[in-house]
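Trainee:
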């Protein structure tokens with residue numbers, strides 16, 4: 027049987043990967059924005075720093091760094107000299123920080139999932155028509171194949187993290203791995219439990235971090251499968267909303 031309209035797994039995966047890079051940049055902006063808003067609205071003043079500037083108002087030098095005690099008056103006026111600037115430090119409680127992490131994760135994972143999902147849904151929808159016309163063979167795992175190939179760069183980065191755990195690669199890979207996986211940062215921070223270098227990671231943390239590699243293959247598989255079945259989540263949500271509003 028001729029397969030003239032069959033899509034290339036590699037080309038589709040490259041397209042998906044490029045969209046994921048763009049989605050990661052969007053997620054970074056969302057993460058920074060939500061964290062900043064959370065700190066602004068729910069953060070508490072924990073201390074302050076005083077910087078001294080030269081006669082040109084440049085080259086700030088740290089003069090004083092202070093952390094407030096629990097019973098210390100944080101509203102008291104702090105005296106500074108003419109060439110000094112006062113900066114307050116703020117921090118959120120662990121509970122608030124966790125809640126902000128959950129909120130940012132929801133938004134970021136939605137953004138990260140939409141791009142590959144839409145691509146594979148449209149391909150799956152078209153492929154079903156081609157299969158019915160006998161122009162190509164059915165391949166319900168096409169989306170999974172694309173997702174696995176699109177995840178290869180992330181898999182390579184994860185393998186470097188594993189090597190870093192055994193000191194076979196610089197421990198700083200932990201920071202690069204975290205940054206390149208911005209959509210999963212709240213989750214990664216939680217499972218890494220404060221590790222500063224890759225060698226400090228526990229085997230449980232390393233395994234938990236590796237679970238993030240399953241996200242894109244699953245989304246791509248789901249998108250293609252639902253597209254092939256002509257099942258639109260968006261249409262079902264809109265239909266349900268319009269039905270409930272009557």
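Residue numbers (the numbering used here): 27 to 272. Note that CB positions come from ideal geometry on N, CA and C, so glycine has one too.
Flag this pair as touching only if the region 74–82 and the region 198–208 have three or more C-beta atom pairs under 8 Å; answer yes or no.
Mentor: No, because fewer than three Cβ pairs between the region 74–82 and the region 198–208 fall closer than 8 Å, the two stretches do not touch.
Trainee: Between the beta-carbon of residue 198 and the beta-carbon of residue 42, is there less than 8 Å?
Mentor: As a first step, residue 198 is located in the chain shown; it is residue number 172 there, counting from the start. As a first step, residue 42 is located in the chain shown; it is residue number 16 there, counting from the start. Their beta carbons are not under 8 Å apart, which means residue 198 does not touch residue 42 by this criterion.
Trainee: From what residue to what residue does the beta strand (DSSP E) around residue 92 run?
Mentor: Counted from its first residue, the chain shown places residue 92 at position 66. Where residue 92 is concerned, the enclosing beta strand (DSSP E) stretches over 87–93.
Trainee: Helix, strand or coil: which one does DSSP assign to residue 73?
Mentor: Walking along the chain shown from the start, residue 73 turns up at place 47. The answer is strand: DSSP assigns residue 73 an E or B state.
Trainee: What residues match up with residue 116 in a beta bridge as DSSP calls it?
Mentor: In the chain shown, residue 116 corresponds to position 90, counting from 1. Paired residues: 71.
Trainee: Report, in whole angstroms, the separation of the C-beta atoms of residue 133 and residue 56, which I expect to be a contact under 8 Å.
Mentor: Translated into the one-based positions of the chain shown, residue 133 becomes position 107. Translated into the one-based positions of the chain shown, residue 56 becomes position 30. Between residue 56 and residue 133 the Cβ distance is about 5 Å, and since that is below 8 Å, they are a contact.
Trainee: If contacts are defined as beta-carbon pairs under 8 Å, then residue 129 and residue 53 qualify, I think. What distance do you get, rounded to the angstrom?
Mentor: Within the chain shown, numbered from 1, the residue matching residue 129 stands at position 103. Within the chain shown, numbered from 1, the residue matching residue 53 stands at position 27. Not quite, the Cβ-Cβ distance comes to about 13 Å (not below 8 Å), so this is no contact.
Trainee: Using C-beta distances below 8 Å, list every residue in its chain close to residue 121, excluding the 5 sequence neighbours before and after it, in chain order.
Mentor: Position 95 of the chain shown, counted from the start, is the residue given in the question as residue 121. Same-chain partners within the cutoff: there are none.
Trainee: Could you pull the DSSP bridge partners for residue 110 from this structure?
Mentor: In the chain shown, counting from the first residue as 1, residue 110 sits at position 84. BP columns for residue 110 point to 78.
Trainee: Exposed or buried, what is residue 254 when buried is set at 16 or more other beta-carbons lying within 10 Å of its beta-carbon?
Mentor: As a working note, residue 254 is residue 228 in the chain shown. Buried, since its Cβ has 16 or more Cβ neighbours within 10 Å.
Trainee: Does the structure place the region 170–190 close enough to the region 152–159 that three or more beta carbon pairs sit under 8 Å?
Mentor: Contact between the region 152–159 and the region 170–190 is absent, because fewer than three Cβ pairs lie under 8 Å.
Trainee: Starting from residue 215 and walking both ways along the alpha helix (DSSP H), at which residues does that stretch end?
Mentor: For the purposes of this step, residue 215 is taken as the residue at position 189 of the chain shown. Unbroken alpha helix (DSSP H) run through residue 215: 211–218.
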